[in-house]
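Enquirer: In the UniProt record's numbering, the protein residues as written are 14 to 373. Ideal Cβ placement from N, Cα and C applies to all residues, glycine included.
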Ligand code: NAD
């Protein structure tokens with residue numbers, strides 16, 4: 014049975030981790046979840062307000078680099094599944110200060126792997142005890158594959174790693190360590206490589222929440238370079254569903270790409286969000302269909318805040334995900350349309366001013 018498991022979720026107070034906890038506790042209410050999160054600037058316990066008092070979710074503030082602490086949590090709660098989100102995640106910060114990225118993303122993942130191996134593989138089982146089922150799921154990014162030209166085929170799981178930023182290099186290193194712990198020691202690992210997520214509880218330094226919250230403050234909307242960088246966008250709950258499927262049906266030792274089939278130029282995303290902010294959810298439901306031609310031609314109030322700034326150093330031009338393997342093997346496809354996901358997201362920020370204002 015899939016119920017009554019004990020999971021350790023690292024980074025559960027971050028954007029995707031918190032959304033994952035909401036998703037998981039609703040879908041598997043009998044599971045027990047231990048959240049390990051250092052509460053860096055990006056971690057926010059308030060994102061978990063709605064679930065923390067359920068009694069099935071236990072929050073521990075601590076660092077994944079602390080192997081003793083991780084070992085203690087694994088054995089104290091007899092953890093069978095680790096879902097590893099904790100990371101430094103902002104590319105710009107990795108350019109100005111890579112140390113924390115090396116520390117958390119590489120050494121932190123290594124610390125978890127060592128503790129998991131010690132707990133799940135190195136302890137002798139007592140006579141007659143059933144073999145421990147275990148899984149280490151590592152949450153990674155499409156950025157490890159590097160950058161694409163406008164007509165290049167999308168990344169598959171066979172695409173060679175070619176990370177270009179300290180962030181993506183640190184994630185690539187962690188992916189390799191996870192892989193090695195499977196091939197060398199037999200740890201049951203899976204890795205998912207996902208495209209850009211959007212949705213509630215996203216820290217306001219990231220593109221979509223930055224645009225929404227800056228418009229609300231009438232502050233400039235910074236757009237890097239020519240704004241024509243292309244990203245694939247996936248609603249965060251669809252990422253959680255993808256991880257759920259990898260955990261239940263994925264083969265150990267494998268990587269699974271998760272994407273939204275939803276490529277947008279950054280400038281078009283900015284214009285789109287501006288258009289939605291101008292409408293403030295009146296009854297125009299055709300905005301996204303008409304986009305971008307109709308909207309970029311219009312000069313709405315919000316779009317007048319757009320300010321082009323010098324491009325990010327080493328800025329990747331395009332990411333695109335080919336998720337054929339995940340679709341065929343696991344039956345995965347995203348469920349939220351972009352139209353509805355982006356509207357929900359804008360609405361969430363309009364309604365949850367008390368979540369994001371204190372973070373500015
Ligand atoms: P986030 O920055 O919002 O959250 C990261 C969380 O990890 C925070 O709660 C933070 O407090 C915690 N953390 C950081 N260092 C820690 C440490 N040393 N020990 C314990 N906890 C620590 O990040 P996110 O956007 O939610 O991303 C989660 C994971 O998903 C990351 O591994 C990221 O690489 C990956 N990912 C993100 C995206 C995206 O679009 N955001 C896309 C693909 C993959």
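Quick check on DSSP: helix, strand or coil for residue 79?
Expert: Working through the chain shown from its first residue, we reach residue 79 at position 66. If DSSP states are grouped into helix, strand and coil, residue 79 belongs with coil.
Enquirer: Please identify the residue among 230, 206, 355 whose C-alpha is closest to the C-alpha of residue 158.
Expert: For the purposes of this step, residue 158 is taken as the residue at position 145 of the chain shown. Minimum Cα distance to residue 158 is reached at 206.
Enquirer: Within this structure, are the beta carbons of residue 245 and residue 208 separated by less than 8 Å?
Expert: The residue labelled residue 245 in the question sits at position 232 within the chain shown. The residue labelled residue 208 in the question sits at position 195 within the chain shown. Cβ distance < 8 Å, so residue 245 and residue 208 count as in contact.
Enquirer: How many Å lie between residue 24 and residue 98 at the Cα?
Expert: Here the question's residue 24 lines up with position 11 in the chain shown. Here the question's residue 98 lines up with position 85 in the chain shown. Spanning the two alpha carbons is a distance of roughly 5 Å.
Enquirer: So with Cβ pairs under 8 Å, would you call residue 258 a contact of chain D?
Expert: You won't find chain D in this structure, because it holds only one protein chain.
Enquirer: For a test of the three-state rule: what should DSSP assign to residue 139, helix, strand or coil?
Expert: Residue 139 sits at position 126 when you count from the first residue of the chain shown. Correct three-state label for residue 139: coil.
Enquirer: Please say whether residue 355 and residue 247 have beta carbons closer to each other than 8 Å?
Expert: Stepping through the chain shown from its first residue, residue 247 is reached at position 234. Stepping through the chain shown from its first residue, residue 355 is reached at position 342. Contact: no.
Enquirer: Measuring CB to CB, does residue 125 end up less than 8 Å from residue 92?
Expert: By 1-based counting over the chain shown, the position of residue 125 is 112. By 1-based counting over the chain shown, the position of residue 92 is 79. Cβ distance not < 8 Å, so residue 125 and residue 92 don't count as in contact.
Enquirer: Taking its Cβ as the centre, do 16 or more other Cβ atoms sit within 10 Å of residue 294, making it buried, or is it exposed?
Expert: Sequence index remark: in the chain shown, residue 294 carries index 281 (1-based). Confidence at residue 294 is low in this model, with a pLDDT of 48, below 50, so the placement of that residue should be treated as unreliable; the coordinate-derived value is given next. The residue is exposed, with fewer than 16 neighbouring Cβ atoms inside 10 Å.
Enquirer: Please determine whether the Cβ atom of residue 101 lies at a distance below 7 Å from any heavy atom of the ligand NAD.
Expert: For the purposes of this step, residue 101 is taken as residue 88 along the chain shown, with counting starting at 1. At least one heavy atom of the ligand NAD is nearer than 7 Å to the Cβ of residue 101, so yes.
Enquirer: Under a three-way DSSP split, which group does residue 310 fall into?
Expert: Within the chain shown, residue 310 is the residue found at index 297, counting from 1. Here the model assigns residue 310 a pLDDT of 42, short of 50, so the residue's position is not dependable, and the following value carries that caveat. It is helical.
Enquirer: Which stretch, first to last residue, makes up the beta strand (DSSP E) that contains residue 48?
Expert: The residue labelled residue 48 in the question sits at position 35 within the chain shown. Segment 45-50, the beta strand (DSSP E) holding residue 48.
Enquirer: Taking 7 Å as the cut-off, is the beta-carbon of residue 17 closer than that to any non-hydrogen atom of the ligand NAD?
Expert: Counting from one through the chain shown, the residue named residue 17 turns up at place 4. Residue 17 Cβ: outside cutoff for every heavy atom of the ligand NAD.
Enquirer: Going by C-alpha to C-alpha distance, which of 212, 80, 262, 269 sits closest to residue 168?
Expert: To locate residue 168, count along the chain shown from 1; it is residue 155. Answer by Cα proximity: 269.
Enquirer: Using a Cβ-Cβ cutoff of less than 7 Å, which residues in the same chain neighbour residue 215 once the five nearest sequence positions on both sides are dropped?
Expert: Looking up residue 215 in the chain shown gives position 202. If we look at residue 215 and ignore the five residues flanking it on each side, its Cβ neighbours are 28, 221, 222.
Enquirer: Residue 345: which of 258, 317, 316, 320 sits nearest, CA to CA?
Expert: The count along the chain shown starts at 1 and reaches residue 345 at position 332. Ranking 258, 317, 316, 320 by Cα distance to residue 345 puts 258 first.
Enquirer: Taking 8 Å as the cut-off, does the segment 233-243 touch the segment 196-206 (at least 3 CB pairs, one atom from each stretch)?
Expert: With the cut-off at 8 Å, the segment 196-206 and the segment 233-243 do not touch.
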